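When we follow the working numbering, the leftmost residue of the sequence shown carries the number 1, and every step to the right adds one.
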Amino acid sequence: MNQSVAHEANPMPRKRVLSGIQPSGDVQLGNYLGAIKGWVDRQDEKDNFFCIVDLHAITVPQDPNELRHQTRSLAAILFAAGLDPSKSNVFIQSHVPPHAEACWLLNCVTPIGWLERMTQFKDKARNENRERMSTGLLDYPVLMAGDILLYSADEVPVGEDQKQHVELARDIAERFNRLFGDTFVVPEPIIPEAGARVMGLDDPSRKMSKSFADIRGHAVRLIDEPKEIERTINRAVTDSYNEIRFSDDPERSGVNNLLGIYKVITGKTTEEVENDFASARGYGDLKRSVGEVIISELAPIRARYVQLMDDIAELDRLLSLGAAQAIAVSGPKVDEMKERIGLVLQGGEL
Ligand code: ATP
Ligand code: LTN
Numbered sequence: 001m002n003q004s005v006a007h008e009a010n011p012m013p014r015k016r017v018l019s020g021i022q023p024s025g026d027v028q029l030g031n032y033l034g035a036i037k038g039w040v041d042r043q044d045e046k047d048n049f050f051c052i053v054d055l056h057a058i059t060v061p062q063d064p065n066e067l068r069h070q071t072r073s074l075a076a077i078l079f080a081a082g083l084d085p086s087k088s089n090v091f092i093q094s095h096v097p098p099h100a101e102a103c104w105l106l107n108c109v110t111p112i113g114w115l116e117r118m119t120q121f122k123d124k125a126r127n128e129n130r131e132r133m134s135t136g137l138l139d140y141p142v143l144m145a146g147d148i149l150l151y152s153a154d155e156v157p158v159g160e161d162q163k164q165h166v167e168l169a170r171d172i173a174e175r176f177n178r179l180f181g182d183t184f185v186v187p188e189p190i191i192p193e194a195g196a197r198v199m200g201l202d203d204p205s206r207k208m209s210k211s212f213a214d215i216r217g218h219a220v221r222l223i224d225e226p227k228e229i230e231r232t233i234n235r236a237v238t239d240s241y242n243e244i245r246f247s248d249d250p251e252r253s254g255v256n257n258l259l260g261i262y263k264v265i266t267g268k269t270t271e272e273v274e275n276d277f278a279s280a281r282g283y284g285d286l287k288r289s290v291g292e293v294i295i296s297e298l299a300p301i302r303a304r305y306v307q308l309m310d311d312i313a314e315l316d317r318l319l320s321l322g323a324a325q326a327i328a329v330s331g332p333k334v335d336e337m338k339e340r341i342g343l344v345l346q347g348g349e350l
């Protein structure tokens, strides 16, 4: 719908963007700065698909009622953060059957060694008993490759931690194209220059994560009240150098992280940020300023979120519109995959 309008006004086709986010907990500042903010800022220039990846979320155990709530809550956050349903198709992955189908078809051309080498899988497998870990956790990146390839996405805007998975999607696309002829666009990962890896405020050596967002002091959640944000930032781990400048010294990663957050939100250069703090009296001043910029960025999002969650029927309607657009693109693509592989299509060949 948005695409045809765009094409009339502009003969150059817009780049197709697809990205995904899991309903696996409360959306945190890293998700926003590393991914969502970029989706919103560039939605006017692109042809946009954003997928709430509930099938990815169930690769680890989820409480059914909680998952249902988190899925709608995530949709409300995405719209509240500025995704406009007339410009961006926002949909739930499980509403669009081609995703699960494409995953199976791509499983059959993906060597298992490629999956066993994925850093995210190795990290999760290290802490999990293999007798309890789901097969879905290993297969996770193939489902993600399907998400991307079904839409012929040119660009996949993600945080740094997902770069390897997008590269795997490229490898899978190239292998399928080699085996069965040109079928897929080979996608590019788009990683923001700043904000691509926001670190945990309680432990700046590991990335801020939605699934740890309930741990006290770990994350700023997009729906936190200003007082809560202030408290979390005040509690953030720093160091004893008392020097407010960017640094790649792991011992100073807490302060570096706070400065990084300030830098993305204000849009200032490294030099301008350091100048802002040249006369600061200490980390107390730094935390106060960082807390303030976060609160002014998130307050309007929180207000819109509360309104949207008050009308679930409207939210579900917007998600149905997104799913219809998604099916219109991914349905024919999955048929093309089947035909190339040699499966007989119901009703005859394309
Ligand atoms: P989980 O804890 O369930 O793995 P998550 O917080 O890592 O969740 P995802 O839904 O897996 O979030 O990721 C959504 C998007 O947010 C992805 O593009 C991912 O790269 C990005 N992202 C996640 N955490 C961060 C972070 N700390 N800094 C920057 N970007 C991030
Ligand atoms: N694995 C991603 C979420 C995701 C995704 C996608 C991102 C699922 N499918 C397709 C980009 C494109 C993550 O952020 N953990």
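Glycine residues also receive a C-beta, built at the ideal position from the N, C-alpha and C atoms. Quick caveat: nothing in here was measured; it's all calculated off a predicted structure.
Do the region 168–181 and the region 211–223 meet, that is, are 3 or more Cβ pairs less than 8 Å apart?
-> no
Which class does G20 belong to by DSSP, given the choice of helix, strand or coil?
-> strand
Hey, would you say the C-beta of C103 is under 7 Å away from at least one heavy atom of the ligand LTN?
-> no
Inspect the beta-carbon positions of L150 and A102 and report whether they are closer than 8 Å.
-> yes
Hey, would you say L286 sits closer than 8 Å to A75, going by beta carbons?
-> no
Where in the region 30–69 do unbroken runs of the alpha helix (DSSP H), each at least 4 residues long, occur, reported from the N-terminal end onward?
-> 37–42 and 54–57
Mapping DSSP to helix, strand and coil, what is L204?
-> What sits at residue 204 in the sequence shown is Pro, not Leu. Three-state result, P204: coil.
Environment of V306 [buried if 16+ CB atoms lie within 10 Å] | exposed
If you scan the region 153–194 from start to end, which runs of the alpha helix (DSSP H) of 4 or more residues do you find wholly inside it?
-> 163–180
How far does the beta strand (DSSP E) with F91 in it reach, from first residue to last?
-> S88 to I92
Given M144 as reference, the closest of Q22, E336, S320 and I327 once Cα atoms are compared = Q22
Beta carbon proximity, F184 to chain C, threshold 8 Å | The structure shown contains no chain C, having only a single protein chain.
So what does R221 bridge to, in DSSP terms?
-> Q28
Ends of the alpha helix (DSSP H) at M144?
-> T135 to L149
Is it right to say Y140 is buried, meaning 16 or more other beta carbons lie within 10 angstroms of its own, or is it exposed?
-> buried
Helix, strand or coil: how does DSSP classify M12 here?
-> coil
Close-in-space but distant-in-sequence residues of the same chain around A323 (CB under 7 Å, 5 per side omitted) = F91, I92, H95 and V96
Would you mind reading off the limits of the alpha helix (DSSP H) that contains H99?
-> P98 to N107
Taking all protein chains shown into account, decide if C51 is buried (16 or more other Cβ within 10 angstroms of its Cβ) or exposed.
-> buried
Three-state secondary structure (DSSP) of A6 = With a pLDDT of only 48 at A6, under 50, the local geometry of the prediction cannot be trusted, and the value read off the model is given with reservation. Of the three classes helix, strand and coil, the one that applies to A6 here is helix, per DSSP.
Whose C-beta lies closer than 7 Å to the C-beta of S19 among residues of the same chain, with five residues either side of it excluded?
-> A35, W39, F50, V156, P157 and V158
Verify the contact flag: G20, CB atom, against every heavy atom of the ligand LTN, threshold strictly below 7 Å.
-> yes
Under the assumption that V290 contacts L318 (Cβ atoms under 8 Å), give the Cβ distance between them as a whole number of angstroms.
-> About 33 Å separates the two Cβ atoms, so there is no contact after all.
If you count every other CB in all the chains shown that lies within 10 Å of the CB of V344, and 16 or more means buried, which is it?
-> exposed
C-beta atoms of V109 and I172 nearer than 8 Å | yes
Taking C-alpha atoms, which residue in T238, T269, L168 and I327 lies nearest to I112?
-> L168
Regarding R117 and the ligand ATP, is the C-beta to nearest heavy atom distance less than 7 Å?
-> no
Report yes if the CB atom of I244 is closer than 8 Å to the CB atom of I294, and no otherwise.
-> no
Is it buried or exposed for Y262, if we count other Cβ within 10 angstroms and need 16 for buried?
-> buried
For the alpha helix (DSSP H) that contains I341, what are its first and last residues?
-> I312 to I341
Contact belief for Y16 with S152 at Cβ below 8 Å, rounded distance in angstroms | Position check: residue 16 holds Arg in this sequence, whereas Tyr was assumed. The pair is a contact, with the Cβ atoms about 6 Å apart (cut-off 8 Å).
Flag this pair as touching only if the region 40–49 and the region 77–84 have three or more C-beta atom pairs under 8 Å; answer yes or no.
-> yes
Quick one: is G260 buried, meaning 16 or more other Cβ sit within 10 Å of its Cβ, or exposed?
-> buried
Pick from I148, D310, E160 and Y241 that is closest to V329, judged by C-alpha positions = I148
For P226, which residues from the same chain have a beta carbon less than 6 Å from its beta carbon, with the 5 sequence-adjacent residues on both sides left out?
-> I295
Same chain, Cβ closer than 8 Å to D351, five either side skipped, listed in chain order = Since the first residue of the chain shown is 1 and the last is 350, residue 351 is not available in this structure.
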